[in-house]
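What follows is a set of notes on a single structure, which appears directly below.
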Amino acid sequence: MSSPENPQLSPTSAIAAKTTLKATTEKWFEYSVRVQPHHTDYGGGVWHGTYLSWLETARVECLRSMGVDYAELVRLGCDMPVVELSLRYHRSVRLGEVAMVKTRMDEMSGVRLYWDCRIESASDQQVYVTGKITLVAVDREKGKIMRQLPPTIKDALVKLIDL
């Protein structure tokens with residue numbers, strides 16, 4: 009039984025909904041970054057792994073802006089790891105430049121969340137990186153994919169669909 013001191017997720021044996029919810033809007037969540045020396049390679053361009061860190065931060069902040077606190081999900085026993093990632097590098101962001109990291113959820117299918125992402129210049133919309141990322145809800149205790157999304161995240165995402 010769940011209590012405020014000992015919150016629990018729905019049982020993983022519950023049957024997941026078979027419907028796919030299209031949760032996209034034309035509106036991107038935007039997160040601004042300035043390229044610091046520790047973000048770059050020896051040539052002064054952003055190291056490719058830095059883009060992944062920026063995209064993760066933008067997704068977590070996007071979820072937070074929708075009322076989904078990632079730290080709370082972890083406390084409840086849910087993790088949302090990346091299970092698929094496809095990025096295209098168009099050009100490198102340079103030391104000192106400001107870039108806009110953009111992300112939006114494209115689709116929710118069962119316990120999978122599909123995200124679009126892009127990184128572009130803050131001033132003239134020059135595209136640096138585009139990609140697609142898939143997350144899946146995992147029960148942290150059992151280490152297995154969940155059968156359904158925790159109500160906290162599902163409710164917030166359904167609200168997004170209604171926007």
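Counting from 1, position 2 in the sequence shown corresponds to residue 10 in our numbering; the numbering is continuous, with no gaps. All C-beta atoms, glycine included, are put in the ideal place defined by N, C-alpha and C.
- Sequence-distant partners of LEU63 (beyond 5 residues in either direction) whose C-beta falls short of 6 Å from its own C-beta, in its chain, are CYS125.
- In this structure, TRP55 and HIS47 form a Cβ contact; the two beta carbons are roughly 7 Å apart against a cut-off of 8 Å.
- In the DSSP assignment, THR65 falls outside any beta strand (DSSP E) and within the unbroken alpha helix (DSSP H) covering 56–73.
- As the crow flies, the alpha-carbon of GLY75 is around 16 Å from that of MET88.
- In the DSSP assignment, no residue is bridged to ASP163.
- Under the three-state reduction of DSSP output, VAL41 falls in the strand class.
- Beta-bridge pairing by DSSP links TRP123 to MET113 and ILE141.
- In the DSSP annotation of this structure, the continuous segment of the alpha helix (DSSP H) that includes VAL82 starts and ends at 78–83.
- Considering only THR65, LEU84, ASP77 and THR58, the residue with the shortest C-alpha distance to LEU165 is ASP77.
- It is roughly 18 Å from the alpha-carbon of THR111 to the alpha-carbon of ARG99.
- Within the model, the alpha-carbon separation for PRO158 versus CYS86 is close to 8 Å.
- In the DSSP assignment, TYR97 is bridged to VAL137.
- A residue is called buried when at least 16 other Cβ atoms come within 10 angstroms of its Cβ; ALA145 meets this threshold and is buried.
- Exclusion of the five residues before and after LEU103 leaves VAL43, THR48 and GLY52 as the residues of its chain whose Cβ lies within less than 6 Å of its Cβ.
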